[in-house]
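Participant: In order, the protein sequences belong to chains A and B. Residue numbering for the first sequence follows the working numbering, starting at 1 and increasing by one per position. Residue numbering for the second sequence follows the working numbering, starting at 1001 and increasing by one per position. Where a beta carbon is used, it is the ideal one built from N, C-alpha and C, also for glycine. Sharing a structure below in structure tokens format, with a few things to ask.
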Amino acid sequence: MSRTALLFGLIVSLAACRPSGDEATTTSPSSRAFVDATAASGLLFVHDADDGDELFRLPEEMGPGGALLDHDGDADLDVFLVQGGPLVGAARRSPCVLYENDGQARFRDVTAAAGAAVVDAAPPAHAFGAAAADVDADGDVDLLVTRLGPDVLLVNDGSGRFTDATERSGLGTPGFSSSAAFFDADRDGRLDLYVCRYVDWSASKEESCFDRRGLRDYCNPLEYRAPMSDRFYRGRDGGVFQDRSEASGVAGVTGHGLGVVAADFDDDGWPDLYVANDQTPAFVWMNRDGGARFVEDAGLRGAAFDGDGVAIAGMGVAAEDLDGDLDPDLLVTNIHHQSHLGLINERGLFSDRSRRLGLSGWAVPYTGFGIALFDQDHDGSLDGFIVNGAVNRLTEPWDPQQPYAEPDQLVRMGESGFVDASDEVDSEALLGVGRGVMVGDLDGDGDLDLVVTNNRGPARLLLNQTTSAAWCLLSLRPAGGGRHAIGAEVVLHAGGRRQLRAVRPHAGYLTSNDPRVHFGLADATRIDRIDVTWPTGEVESWTDLPASRWLELRQGASPQHEERP
Amino acid sequence: MNVPFRLVSTSLTLVSCLALTACTSPPAYEPPPLATFEQGPAGEQRARLDPNALAAWARRQELPEPPQIDLVEPAVADVLLGALSDAAERRDGASYGLVGMACESLEAHRSAEAYFELAREAEPQDFRWVYYLACIHQVTGRDDSAHGLFLEALEIDASYPTTHARLAELELDAGRLGEAAQSFERYRQLVPQDWLGEVGLARVALERAQAAEALTLLERAAQKRADDFQVQHYLGRALAALGREDEARAALARAAELPKGAWFQARDRLDQELHAVTDSTTSLVEEFERLSKTQDWPALVALGEQVVAKRPGDKTMWLNLVSLYRKLGRVDDAEAAMRRAEALPGKEARVPVTRAELELARSRAAEALVAAEEALALESDSLRARAVKGRSLILLGRYGEAEAELLAVRAGAPTDAGNEFALGELYRGTGRKSEAITCYRRCLELQPGMTNARVRLRELGG
């Protein structure tokens, strides 16, 4: 058997019961994977990031992101969308927007009542992304907004109303923050935080760059010669954080950080980090001394560059089990003319298997940013949604009115890796200057929907149309308080298969996803067993559970579980 | 074989192109539509094309659709429209190929591909058109067809080394290790002095988990060129695979300090020809960047002047010219370039910093200080502004303040020999001989060829 066949042996067996990608591309409109429900949903958000003076300031083109969170505790996901706003002008202030869900994916703007606008700082404060988590372990979900300028922490009072707790929290470090990940580095039950930072930029450091046509355009980040070190904060009680960037080693190296994911790569029980850097070598921070220290080891572990030795333009990143061996592998989005990067993990050592994961062909013409890996059609194998948008004006634009717009892509795992299945989505819904994608069950039907953010364009709500096959949605509640057990790993056994997922809402680019864990179960009618490795290290199992239910599993409560409505 | 193309001065550009085609065309032939000129927001001249009219013209000529470009710098429009005229008139491989090259240099892949297909059909014995087609297939994600096209190019001409290297990369990515090894080996035979063949073979060996063999190959590559990123990177990977972790880390650390990427472009004459074909300002800027490592100031000035003539809104190049003129003692030219940069929109600290450096070069310390402080008001952490401020303060006799600035620069940029020299001068001028000697010695550690530091040391008996 060839190496390729060996690598994909498991995937082939999982994928055998559904159409291949090639067949999928001929799907009729009536069997769309997603429909664009934006207009009817009330999710009417347009990103604003332009000063209108054609000076092509770098931050204009990087956002926005957002977060899916249940801000008011009513058991559905609300949507927080990050607004950019002008970089130099003070006249216009553009608020971030919080949309409250009625449970049926119909939304209303509750920003003002919830205190979620984040507009109090003077320019050049400009927001990019968001990370949602219960930082003070009081049972409700709080929000971190990353910005150019100090980041902002909004603490939820339990009723869905936020107050700015930045100063008290210790998280107001200025800089060009991009993606952020809450995770429990030291397994003490309190969330810690990693914040990526992009370029040491200010309007006074802007450069003038031109494209091959001789027109002014955005600069490559390398032009600024100003990479930044990221920040690491240790979580303390009550939503207070201590900046441990220097002490942990994180401040010791610099890059153009855009995406981050926390996962236990070497299976030692401690969460490590992968950081996607834009045209500087990626970081792999190995957790040492029980979360007290991080050692950057991407070079030796084969993850700093792609297999050709190129420091890719790493944007978004997802960590999922791509080869079925029950450990987290990595998929990193990349700029056009290069494939996305697929890194297969073998006990903490990585190999570039991009081509063999199918990450050529469909991926190469576009610049990928946001990424979500999930089981769209519940067949038990991973699908993906990649959000694309150029960073320089396209010579052959898809839409002459939007010279940076590119189509987003739905992909499915086939026999030779991921294949393009974008024809299953309305093409108009896919075109934009894509940046972030948030994945979660927004209409309460058990499948995963998408919210896509576009740079200087509208956000889009894509509702999943899957009606067949069984599924499972898990809420994992930690023992020591806190809303979600971020970092918990789940192995689900059903229908003779095992699947690995984790509570990893921060994966992607500038976004925060549904914190619940979702599985497609294909034709299984019951779940044989669920093994949960909690962030604190304990392992618990549940057996013989119903399929197609939202289940809540509490740490220490096995074998009891709760069915959610 | 050279590709003929027309280079017309910007002032003649499109009009000359039209006149030429009008004189030489058969009656049915219609010239490309006229472009109009306009001024861009930064004062640069731009050509505005009518993509619909151009497409209609191409249809009438039974030519593939040109790129849907509406705005472009005049030189690029000149080459593109001239090439289209030639293609309509001559209908041979070279003229089709030239349109393909012009389109591809602008990343207009669809148009480029169509014209290269015509060139291949018209001139099947010229491997370049197949080669360029293969490259387009590769960058647009069609690896299998790219592989087939590279093989086709080799059937026509197997002597162009980069075809073998690109083919090998595709084969390696696809896990076709035997074929990749053969292709890298052929590259090595064609260019025995280049280390890329050994590096490629080592990568194949690493994929086969033959780390010892990979190491041997990489050590051989390092004998040819040790200061190459790929050599050190894969050396690190091979050593890591052999469990020699410390040596691996050392190799990877060496790799981290070396320039990365562009190894194909540096070896690919055809790629270089393609990107030079439009005579765009970007090509000149790339040449400027390459040349900047040589310190050939007059040549850099000549290139920089060409750039700003075409692109007067290029603030970066105006500022480069200020520094270059200053180095050449052309103070009036430096002042004129400085004013052009200052007149452009945007408030960046690099503008007053460059002004401060210019004033300092004219020994106008007070003016330099004002400009440096203006820069620091915009960017308080600018080490470059603090350095020029410190030097200005020395000239003004404000030694305590100067020392504070220069020490701050030292803290932020400890390997800046120029700053160390300035500190030495400050200490020397204030009678702090031993500290001055320490600074001059440090200058020579950082920059052994720094003759003025050596002279000062001799003066001070250090």
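1) Just to confirm the assignment, what range does the beta strand (DSSP E) spanning cysteine 196 of chain A have?
2) Output yes if chain A places a C-beta closer than 9 Å to the C-beta of valine 1191 of chain B; else output no.
3) Curious, which full-length alpha helix (DSSP H) runs of at least 4 residues does the region 1340-1395 of chain B contain?
4) Quick one: list the residues of chain A neighbouring glutamate 1072 of chain B, beta-carbon separation under 8 Å, in chain order.
5) Kindly indicate if chain A contains any beta-carbon less than 9 Å away from that of tyrosine 1234 of chain B.
6) Determine the contact status of alanine 313 of chain A and threonine 367 of chain A, defining contact as a CB-CB distance below 9 Å.
7) For alanine 1180 of chain B, count neighbouring Cβ atoms within 10 angstroms of its own Cβ and tell me buried if that reaches 16, exposed if not.
8) Excluding sequence positions up to five away, which residues of its chain have a Cβ less than 6 Å from the Cβ of leucine 1252 of chain B?
9) Just to confirm, is the Cβ distance from proline 221 of chain A to aspartate 278 of chain A under 9 Å?
10) I'd like to know if the region 1111-1131 of chain B and the region 1157-1171 of chain B are in contact, where contact means that at least 3 CB-CB pairs between them fall below 8 Å.
11) Between A:Ser416, A:Val261, A:Val387, A:Asp323, which lies nearest to glutamine 499 of chain A when the distance is taken from Cα to Cα?
12) For cysteine 1443 of chain B, count the other beta carbons within 10 Å of its own beta carbon; 16 or more makes it buried, fewer makes it exposed. Which is it?
13) Please list, in chain order, the residues of the region 1275-1289 of chain B that have any C-beta partner in chain A closer than 9 Å.
14) Under 7 Å, CB to CB, which of the residues in the region 1337-1368 of chain B have a partner in chain A?
15) In chain order, what residues of the same chain lie with their CB nearer than 6 Å to the CB of glutamate 1423 of chain B, ignoring the 5 residues before and after it?
16) For a contact defined as C-beta to C-beta under 7 Å, what are the partners of lysine 1315 of chain B on chain A?
17) Tell me where the alpha helix (DSSP H) around serine 245 of chain A begins and ends.
18) If you measure between the beta carbons of leucine 153 of chain A and tyrosine 99 of chain A, is that distance less than 9 Å?
19) Out of B:Val1322, B:Gly1313, B:Asn1452, B:Ala1240, state which residue places its alpha-carbon closest to the alpha-carbon of alanine 1211 of chain B.
20) Using the Cα positions of methionine 413 of chain A and serine 360 of chain A, report the straight-line distance between them to the nearest angstrom.
21) Would leucine 1426 of chain B and arginine 1441 of chain B qualify as a contact pair, given that the criterion is a beta-carbon distance under 9 Å?
22) Out of B:Glu1123, B:Ala1174, B:Asp1194, state which residue places its alpha-carbon closest to the alpha-carbon of alanine 1146 of chain B.
23) I'd like the span of the beta strand (DSSP E) that includes aspartate 36 of chain A, first residue to last.
24) Please give me, in chain order, every unbroken run of the alpha helix (DSSP H) with length at least 4 that falls completely inside the region 1034-1061 of chain B.
25) Run the CB neighbour count on aspartate 325 of chain A, radius 10 Å, all protein chains shown included, and call it buried at 16 or more, exposed below.
26) Residues in the same chain with beta-carbon distance under 8 Å from arginine 526 of chain A, minus the five sequence neighbours each way, listed in chain order, please.
27) Thinking C-alpha only, which one of A:Trp534, A:Ser427, A:Tyr233, A:Asn454 is nearest serine 475 of chain A?
28) Residues bridged to serine 541 of chain A by DSSP?
29) Since leucine 510 of chain A contacts glycine 389 of chain A with CB under 8 Å, what's their CB separation in whole angstroms?
30) Cβ of glutamate 1030 of chain B less than 9 Å from any chain A Cβ?
31) With three or more beta-carbon pairs closer than 8 Å as the criterion, would you say the region 1268-1278 of chain B touches the region 1291-1303 of chain B?
32) Ordered along the chain, which non-local residues of its own chain (more than five positions away) have a Cβ less than 7 Å from that of alanine 1119 of chain B?
33) Consult DSSP for glycine 444 of chain A and reduce its assignment to one of helix, strand or coil.
34) Please tell me whether aspartate 297 of chain A and arginine 347 of chain A are closer than 9 Å, where the distance is taken between their beta carbons.
35) Is the beta carbon of valine 79 of chain A sitting closer than 9 Å to the one on glutamine 465 of chain A?
36) Under the DSSP definition of a beta bridge, which residues are partnered with aspartate 1168 of chain B?
Facilitator: This is what the structure holds:
1) 192-197 is the extent of the beta strand (DSSP E) around cysteine 196 of chain A.
2) Closer than 9 Å: no.
3) Within the region 1340-1395 of chain B, the complete alpha helix (DSSP H) segments of 4 residues or longer fall at 1350-1361, 1365-1378, 1383-1395, listed in chain order.
4) One detail in the question is off: residue 1072 of chain B reads as valine in this sequence, not glutamate. Within chain A, the residues near valine 1072 of chain B are Arg213, Gly214, Leu215.
5) At least one chain A Cβ lies under 9 Å of tyrosine 1234 of chain B.
6) Yes.
7) So alanine 1180 of chain B counts as buried.
8) Only Gly1236 meet the Cβ criterion.
9) Aspartate 278 of chain A is positioned such that its CB atom lies closer than 9 Å to that of proline 221 of chain A.
10) Touching, yes, given that three or more Cβ pairs across the two stretches are closer than 8 Å.
11) Per the Cα distances, A:Asp323.
12) The C-beta of cysteine 1443 of chain B has 16 or more other C-beta atoms within 10 Å across all chains shown, which makes the residue buried.
13) Of all residues in the region 1275-1289 of chain B, the ones placed with a Cβ closer than 9 Å to any Cβ belonging to chain A are His1275, Thr1278, Ser1280, Thr1281, Thr1282, Ser1283, Val1285, in chain order.
14) Those residues of the region 1337-1368 of chain B placed with their C-beta closer than 7 Å to a C-beta in chain A are Pro1345, Gly1346, Lys1347, Glu1348, Ala1349, ordered along the chain.
15) In the sequence as displayed, the identity of residue 1423 of chain B is leucine instead of glutamate. The answer, listed in chain order, is Leu1406, Cys1439.
16) By Cβ distance, chain A contributes Ser208.
17) Where serine 245 of chain A is concerned, the enclosing alpha helix (DSSP H) stretches over 245-248.
18) Not in contact: leucine 153 of chain A and tyrosine 99 of chain A (Cβ atoms no closer than 9 Å).
19) Alanine 1211 of chain B has its Cα closest to that of B:Ala1240, out of B:Val1322, B:Gly1313, B:Asn1452, B:Ala1240.
20) So the alpha carbons of these two residues sit roughly 13 Å apart.
21) No, these two residues do not count as a Cβ contact at 9 Å.
22) Closest option to alanine 1146 of chain B, Cα to Cα, is B:Ala1174.
23) Unbroken beta strand (DSSP E) run through aspartate 36 of chain A: 34-36.
24) Complete alpha helix (DSSP H) runs here, min 4: 1051-1060.
25) Exposed, because fewer than 16 other Cβ atoms sit within 10 Å of the Cβ of aspartate 325 of chain A.
26) Result list for arginine 526 of chain A: Ala494, Asp544, Leu545, Pro546, Ala547, in chain order.
27) Checking every option, the nearest Cα to that of serine 475 of chain A belongs to A:Trp534.
28) In DSSP, serine 541 of chain A forms a bridge with A:Asp531.
29) Actually they are not in contact, since the Cβ atoms of leucine 510 of chain A and glycine 389 of chain A sit about 12 Å apart, beyond 8 Å.
30) Annotation note: pLDDT 49 at glutamate 1030 of chain B (below 50); position unreliable, coordinate value reported separately. So no, glutamate 1030 of chain B is outside the interface.
31) They do not touch, by the three-pair rule.
32) Correct list, in chain order: Gly1093, Tyr1096, Gly1097, Gly1100, Trp1129.
33) In this structure, DSSP gives glycine 444 of chain A a state outside helix and strand, which the three-state scheme calls coil.
34) Not in contact: aspartate 297 of chain A and arginine 347 of chain A (Cβ atoms no closer than 9 Å).
35) Result no, Cβ atoms of valine 79 of chain A and glutamine 465 of chain A do not sit closer than 9 Å.
36) Checking the displayed sequence, the identity of residue 1168 of chain B turns out to be alanine instead of aspartate. Partner(s): none; alanine 1168 of chain B has no beta bridge.
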